[in-house]
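Quick notes on the structure that follows.
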Amino acid sequence: MNIVLENLTKEFPARGKRNSGSVKAVDHVSCQIPDGELMGLLGPSGCGKSTTLNLLCGLEKPTEGKIFFGDEDVTALAPEFRGVGMVFQNYALYPHLSVRQNIRFPLENRKGKDKLSKEEMNRRVEDAARLVQIEELMDRKPGELSGGQQQRVAIARALVKFPKVLLLDEPLSNLDARLRLKTREEIRKIQKQTGITTVFVTHDQDEAMSICDRIAVMKDGLLMQQGRPQEVYDHPANLFVARFLGTPPINLFAGEVRGQTLYLGGKPVLPAPGVPDQPVWTGIRPEGFILKADGPLECQMERVEVTGRDVSIISSHSACTEGTLRSIISSEEGAAAPTARTVRFALKPGKVFLFSKDTEEVIPLSGEGKEL
Ligand SMILES: Nc1ncnc2c1ncn2[C@@H]1O[C@H](COP(=O)(O)OP(=O)(O)OP(=O)(O)O)[C@@H](O)[C@H]1O
Ligand SMILES: [Mg+2]
152 MNIVLENLTK EFPARGKRNS GSVKAVDHVS CQIPDGELMG LLGPSGCGKS
202 TTLNLLCGLE KPTEGKIFFG DEDVTALAPE FRGVGMVFQN YALYPHLSVR
252 QNIRFPLENR KGKDKLSKEE MNRRVEDAAR LVQIEELMDR KPGELSGGQQ
302 QRVAIARALV KFPKVLLLDE PLSNLDARLR LKTREEIRKI QKQTGITTVF
352 VTHDQDEAMS ICDRIAVMKD GLLMQQGRPQ EVYDHPANLF VARFLGTPPI
402 NLFAGEVRGQ TLYLGGKPVL PAPGVPDQPV WTGIRPEGFI LKADGPLECQ
452 MERVEVTGRD VSIISSHSAC TEGTLRSIIS SEEGAAAPTA RTVRFALKPG
502 KVFLFSKDTE EVIPLSGEGK EL
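All residue numbers for the sequence shown refer to this note's numbering, where the first residue is 152 and numbers rise by one.
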């Protein structure tokens, strides 16, 4: 099911005297989720992710804009007719029902042609439970399950309806790191097996980058950028997206372009072809540094961190906004990690981004730059 959001807006009215303005939780968002794809919706707390899902499943009505499922305009359609399976941020399981009853719940009380036989219901419940591997927990109550098991029950309950669209609101938030990794892979597998168009909300960019076909990054209700994860990482549209994606995060410098050259701390470090003279924010990905004895960027050495596969060099530079910067180099290269007080780097052009100090939008470079 191809999903289209058109200018989708949700404004919550101001409430009470102290609450001055209304909140635009979702602000003119337009995007498309192609049939069968997994889209990651990400952004900081309060940016409008859950509200977007609530609009998609019909629990909230938009103030403005439209939602299409395939060719059908579903904007005014009641939730039960949308064919959406939703896993809420707090899973919302019924505490007094067993796991089996919880999963079966959405199938009961169906009327007319949608009514299912008891056998069909049981079969679907068993199938969904098998898919998320909770068959042995069917007779327990939610209170007798771990957080991760509860989350899987919630996923099974969403799948049992054979939804055309699956909405997952931070479905992994309560899992420990290892189970989280395993479960996100399971979700991806299930999603691929079933081919259900899925929106997966998370504020963990790593999670989104690793399992999603595409991602959409939100801030203050606005859609900042969408695209394939790698594409967004490699070509951030603005400073916010550049800083939001990537672990360790991008290193930020206050720089200046003069005569089509980027200067950091008053020293030329990289050609900036086609960029007019101006002060710029400069983002350098940790993997964008090359150890080079006569490299143009001179930093003060702080320490070296060896983490198996690669080596991080932590150093400082007067133009770096965080004080210290982190560069990651391969362990072969790192074997020659400097022991001197200073370290010099050349920069990889594709890993350096310039942003306007006024608008924080990316400033395109004309043509591939070269190292200095
Ligand atoms: N029912 C409501 N009434 C008024 N304001 C609301 C309501 N629901 C959400 N908001 C506001 O809308 C904004 C977006 O909220 P939303 O729950 O969509 O954020 P989120 O991205 O899901 O955040 P989180 O990561 O914390 O779950 C917030 O400022 C929130 O306070
Ligand atoms: Mg939320």
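For every residue, glycine included, the Cβ atom is placed at its ideal position computed from N, Cα and C. Bear in mind that the values here come from a model prediction, so they are computed numbers and not experimental data.
Beta-ladder partner(s) of residue i, from DSSP
i	result
residue 360	Paired residues: none, contrary to the question.
residue 497	441
residue 414	407 and 419
residue 506	432 and 513
residue 163	174
residue 373	370
residue 351	191 and 319
residue 455	464
residue 306	None; residue 306 has no bridge partner.
residue 282	Answer is none; residue 282 lacks a bridge partner.
residue 181	In the DSSP output, where bridge partners are listed per residue, residue 181 has none listed.
residue 378	366
residue 481	461
residue 154	184 and 220
residue 476	466
residue 448	496
Status (buried if at least 16 other CB within 10 Å, exposed otherwise) for residue i
i	result
residue 466	buried
residue 260	exposed
residue 247	exposed
residue 509	exposed
residue 301	buried
residue 314	buried
residue 372	buried
residue 221	exposed
residue 460	exposed
residue 266	exposed
residue 428	exposed
residue 404	buried
residue 437	buried
residue 172	exposed
residue 264	exposed
residue 472	exposed
residue 274	exposed
residue 478	buried
residue 349	buried
residue 213	buried
residue 279	buried
residue 229	exposed
residue 232	exposed
residue 342	buried
residue 200	buried
residue 422	buried
residue 359	buried
residue 281	exposed
residue 320	buried
residue 457	exposed
residue 439	buried
residue 236	buried
residue 178	buried
residue 425	exposed
residue 209	buried
Integer-rounded CB distance, given that residue j should sit under 8 Å from residue i
i	j	result
residue 311	residue 254	5 Å
residue 294	residue 326	Wrong, their Cβ atoms sit about 18 Å apart, outside the cutoff.
residue 309	residue 317	6 Å
residue 433	residue 516	The Cβ separation is near 12 Å, so there is no contact.
residue 368	residue 351	The Cβ separation is near 13 Å, so there is no contact.
residue 182	residue 206	Incorrect: roughly 12 Å between the Cβ atoms, too far for contact.
residue 468	residue 397	Contact doesn't hold; Cβ gap of about 19 Å is too wide.
residue 165	residue 202	That belief does not hold up - the Cβ atoms of residue 165 and residue 202 are roughly 16 Å apart, past 8 Å.
residue 406	residue 470	6 Å
residue 503	residue 441	Wrong, their Cβ atoms sit about 12 Å apart, outside the cutoff.
residue 431	residue 507	7 Å
residue 402	residue 498	About 11 Å separates the two Cβ atoms, so there is no contact after all.
Test: residue i CB closer than 8 Å to a CB of chain D
i	result
residue 415	The structure shown has no chain D; it contains just one protein chain.
| query | Is the region 382-398 touching the region 179-188 in the sense that three or more CB pairs, one from each, lie closer than 8 Å? | reply | With the rule of 3 Cβ pairs closer than 8 Å, the region 179-188 does not count as touching the region 382-398.
| Contiguous beta strand (DSSP E) assignments of at least 3 residues, all confined to the region 313-343 | Taking only runs of at least 3 residues, the beta strand (DSSP E) segments lying wholly in the region 313-343 are 316-320.
| query | Could you give the uninterrupted runs of the alpha helix (DSSP H) lying entirely in the region 193-274, keeping only those of 4 residues or more? | reply | The region 193-274 contains these whole alpha helix (DSSP H) runs: 200-208 and 250-255.
| Is the region 352-360 touching the region 191-209, taking contact as three or more C-beta pairs under 8 Å? | Judged by Cβ distances under 8 Å, the region 352-360 makes contact with the region 191-209, as three or more pairs qualify.
| Is the region 225-242 close to the region 305-312, with three or more CB pairs under 8 Å? | Under the three-pair Cβ rule at 8 Å, the region 225-242 counts as touching the region 305-312.
| field | At least three beta-carbon pairs within less than 8 Å, the region 364-381 to the region 409-418 | value | Under the three-pair Cβ rule at 8 Å, the region 364-381 does not count as touching the region 409-418.
| message | Would you call the region 387-395 in contact with the region 444-454, where contact means no fewer than 3 C-beta pairs closer than 8 Å? | response | The region 387-395 is not in contact with the region 444-454.
| the region 450-464 in contact with the region 491-505 per 3-pair CB rule at 8 Å | Here the region 450-464 makes contact with the region 491-505; the two share three or more CB pairs at distances below 8 Å.
| message | Any contact between the region 316-324 and the region 271-288? By contact I mean 3 or more CB pairs, one from each, below 8 Å. | response | The answer is no - the region 271-288 does not touch the region 316-324, with fewer than three Cβ pairs under 8 Å.
| message | With three or more C-beta pairs closer than 8 Å as the rule, is the region 329-344 touching the region 152-163? | response | Under the three-pair Cβ rule at 8 Å, the region 152-163 does not count as touching the region 329-344.
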